[in-house]
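Colleague: First residue of the sequence shown? That's 1 in UniProt numbering, and the numbers climb one at a time after it.
We treat Cβ as the ideally placed atom computed from N, Cα and C, and that holds for glycine.
The structure is given below, and queries will be raised subsequently.
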Amino acid sequence: MILGLHHAQITIPKGAEVEGKSFYCGVLGLPEKEKPESLKGRGGFWVEVGDCDVHIGTEDGFDRLTTKAHLAYRVEDLSYWRKVLAQNNIVIIDGIPIPGFERFEFRDPFGNRVEMIQKM
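This is the structure:
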């Protein structure tokens, strides 16, 4: 039996941790979580999202703009996030409607696809 989701991983270019923390911890306000000592040498960082983690690893040689893979952050106030992202020069892409939800997408500064979704 699967009990739930423990973590998901995305990647950013090697050496981009400062910029990554600026966006994920600064703009999105996600708290950084200390990585285990045994994994610190691999680069990247972890953030907390509710009761799950997002592991932001490092990887070169990958065009993030070519994938539909993404994380969807469940939010309470979609309009707030539209404003925050617009203030940080992030282009908003309206998502295809799905019943019971409002949502939009954007690409993070590294090209990762991200979705913000709110239950109606």
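Mapping DSSP to helix, strand and coil, what is Lys14?
Modeller: coil
Colleague: Are Phe106 and Ile90 touching if we call contact CB-CB under 7 Å?
Modeller: yes
Colleague: Using CA coordinates, which residue listed in Leu30, Lys119 and Lys14 is at the minimum distance from Glu76?
Modeller: Lys119
Colleague: Across which residues does DSSP place Gln118 in a beta bridge pair?
Modeller: Glu102
Colleague: Shortest alpha-carbon distance to Lys14 belongs to which of Val27, Ile96 and Gly44?
Modeller: Gly44
Colleague: Among Leu28, Gly50 and Glu19, which one has its Cα closest to the Cα of Tyr80?
Modeller: Leu28
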